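Student: Structure in structure tokens, see below.
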Amino acid sequence: MTPSSKRAFPFSAIVGQEEMKLALLIAAVDPSVGGVLVFGDRGTGKSTAVRSLAALLPPIRVVEGCPYNCDPTATALACERCSHGARPRGHAAPVPVVDLPLGATEDRVVGALDIERALAKGEKAFEPGMLARANRGFLYIDEVNLLEDHLVDLLIDVAASGENVVEREGLSVRHPARFVLVGSGNPEEGELRPQLLDRFGLCVEVKTPTDITERVRVVRRRDEFEREPSAFLSSWQAEEDQVRHRILAGRRRLGGTVVPDETLEKAARLCLRLGTDGLRAELTLTRAARACAALDGTKRVGESHLRRVATLALRHRLRRDPLDEVGSTTRIERALAEPLDA
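Residue numbers (our numbering): 55 to 396.
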């Protein structure tokens with residue numbers, strides 16, 4: 055059990071929300087999928103699921119004293135200090151989960167250079183920000199659709215490059231910033247800018263459950279967790295171990311999971327049928343299907359995997375059709391109702 059798991063609600067104990075849980079598991083197996091956007095009602099377990107997953111993951115190895123959580127065995131992806139000299143020492147640390155609040159300043163997010171110290175002493179002093187702490191972990195943004203434009207621009211650049219660059223008065227600092235971006239929000243409070251929306255690999259819609267039995271189960275489990283967290287965590291430990299093993303096994307299998315040409319053709323045909331722009335849709339759909347297959351223990355990606363992840367990977371990539379009043383989810387379901395090989 056990781057240190058953070060003592061404070062997080064068990065991932066396996068989350069009631070319902072199967073689509074959200076699948077999306078987060080896929081992102082945990084293959085971060086290159088591009089993060090997860092969760093839109094829906096308040097109080098539906100969005101932030102709980104993110105923290106539960108991070109607490110479920112095994113600790114990562116980080117360089118001692120490094121503010122960027124650099125991996126001591128991967129110097130090519132390390133910061134300037136960790137990539138030079140002798141092989142750095144490492145220790146185990148929980149997977150970081152960093153919250154980016156709406157009112158955060160740019161310096162707090164990207165980090166700040168101490169210009170006065172640089173001018174007075176000739177030292178390049180840098181105070182790392184949230185992007186540094188989130189490296190190799192999760193960056194969680196609640197109400198992401200209300201994020202200020204200048205922060206959106208920053209996130210777009212960092213998400214694309216995996217590197218944060220801070221430049222002030224002729225001074226420049228670069229450090230790795232590779233994280234799983236998870237955003238949540240209520241679509242009734244505003245739309246997300248298309249440029250940032252496109253950077254999310256998967257998009258999930260969550261709703262407040264309407265089934266009485268399910269609602270009672272949610273309330274009972276949450277109440278039990280808050281009253282006796284240790285006992286509740288112990289009762290779910292076996293299920294948590296199973297999910298953890300599934301993630302680790304999926305990561306090991308991912309590199310050897312094959313996507314046949316016929317599956318790629320079906321993915322491309324589905325994207326053409328739906329009129330998605332560019333090729334990012336096919337890439338994300340294929341990567342998500344491969345991670346899904348790896349989670350299932352299957353060595354070849356088939357049509358069933360495409361169908362399981364199609365809505366997650368494509369619902370936020372469809373152009374609006376003014377002549378079609380149905381939502382993107384319904385449009386994808388209609389497209390999937392037809393054979394993908396025709």
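Glycine residues also receive a C-beta, built at the ideal position from the N, C-alpha and C atoms.
Quantities reported herein were computed from a predicted structural model and do not represent experimental measurements.
#1: For D153, which residues of its own chain have a beta-carbon under 6 Å away from its beta-carbon, when the five flanking residues on both sides are left out?
#2: Would you grab the beta carbon distance between Y122 and P85 for me? Rounded to a whole angstrom, and I think it's under 8 Å.
#3: The beta strand (DSSP E) spanning G237 covers which residue range?
#4: For the alpha helix (DSSP H) that contains I301, what are its first and last residues?
#5: Pick out whichever of D203, S238, F192 has its Cα sitting closest to the Cα of D95.
#6: CB-CB under 7 Å to G244, same chain, minus the five flanking residues each way: which ones, in chain order?
#7: When we look at the beta-carbon of Q71 and count the other beta-carbons within 10 Å, is it buried (16 or more) or exposed?
#8: Rounding to the nearest angstrom, what Cα-Cα distance links E43 and W290 in this structure?
#9: So, L91 versus F254, is the Cβ gap smaller than 8 Å?
#10: Contact check, R334 vs A389 under 8 Å by CB: the rounded distance?
#11: Flag this pair as yes or no: are the beta carbons of I386 and T352 separated by less than 8 Å?
#12: In angstroms, rounded to a whole number, what distance separates the CA positions of P148 and A391?
#13: How would you label K261, buried or exposed, when you count the other beta carbons within 10 angstroms and need 16 or more for buried?
#14: With a 10 Å radius around its C-beta and 16 neighbouring C-beta atoms as the bar for buried, classify A214 as buried or exposed.
#15: Measure the C-alpha to C-alpha separation of D125 and K100 and round it to an integer number of angstroms.
#16: What is the C-beta distance between C325 and E336, in whole angstroms, given that I count them as a contact (C-beta under 8 Å)?
#17: Do you know offhand how far Q249's Cα is from R361's?
#18: Would you report the Cα separation of P113 and F65, rounded to the nearest angstrom?
#19: Could you tell me the distance, in whole angstroms, from the CA atom of L76 to the CA atom of G329?
#20: Give the C-beta separation of L185 and A231 to the nearest angstrom, bearing in mind that I take them to be a contact with Cβ-Cβ under 8 Å.
#21: What three-state label does DSSP hand D265 in the structure shown?
#22: Just the Cα atoms here: how many angstroms apart are A292 and V87?
#23: Hey, quick one: how far does the alpha helix (DSSP H) through H359 stretch, first residue to last?
#24: Less than 8 Å between the C-beta atoms of L235 and G89, yes or no?
#25: Taking Cβ positions, are I80 and A342 nearer each other than 8 Å?
#26: Can you give me the C-alpha to C-alpha distance between L78 and V227, rounded to a whole angstrom?
#27: When DSSP builds the beta bridges, which residues end up paired with R228?
#28: Hey, would you say G165 sits closer than 8 Å to F180, going by beta carbons?
#29: Using the Cα positions of C136 and P150, report the straight-line distance between them to the nearest angstrom.
#30: Among the candidates A109, V220, I210, A67, whose CA atom is the shortest distance from the CA of R162?
#31: Reducing DSSP to helix, strand and coil, say where C346 ends up.
#32: Grouping DSSP H, G and I as helix and E and B as strand, with all else coil, what is A147?
#33: Please state the DSSP three-state secondary structure of L333.
#34: Whole angstroms is fine: what's the gap from G310's alpha carbon to R115's?
#35: Comparing alpha-carbon positions, which option in R247, E294, L225 lies nearest L208?
#36: Going by DSSP, what residues sit across from I114 in a beta bridge?
Tutor: By the coordinates alone:
#1: Same-chain partners within the cutoff: Y194.
#2: In this structure Y122 does not touch P85 by the C-beta definition: roughly 16 Å separates them, more than the 8 Å allowed.
#3: Counting along the chain, the unbroken beta strand (DSSP E) around G237 starts and ends at 234-239.
#4: That run of the alpha helix (DSSP H) goes 291-308.
#5: Residue nearest to D95 within the set D203, S238, F192 is S238 (criterion: CA-CA distance).
#6: Within the same chain, G244 has close Cβ partners N199, L200.
#7: Burial check for Q71: the Cβ neighbour count within 10 Å reaches 16 or more, so the residue is buried.
#8: Since the first residue shown for the chain is 55 and the last is 396, residue 43 is missing from the structure and cannot be characterised.
#9: yes
#10: In this structure R334 is not in contact with A389, their Cβ atoms being roughly 18 Å apart against a cut-off of 8 Å.
#11: no
#12: Cα to Cα, the separation comes out at about 43 Å.
#13: exposed
#14: exposed
#15: In this structure, the CA atom of D125 is about 29 Å from the CA atom of K100.
#16: Confirmed, about 5 Å.
#17: 26 Å
#18: 16 Å
#19: 25 Å
#20: 4 Å
#21: coil
#22: 28 Å
#23: Segment 357-368, the alpha helix (DSSP H) holding H359.
#24: For L235 and G89, yes; Cβs fall inside 8 Å.
#25: A contact, by the Cβ cut-off of 8 Å.
#26: 32 Å
#27: V219
#28: yes
#29: 19 Å
#30: For R162, the nearest C-alpha among the options comes from V220.
#31: helix
#32: Strand.
#33: coil
#34: 24 Å
#35: Relative to the Cα of L208, the nearest Cα in the group R247, E294, L225 belongs to R247.
#36: A147
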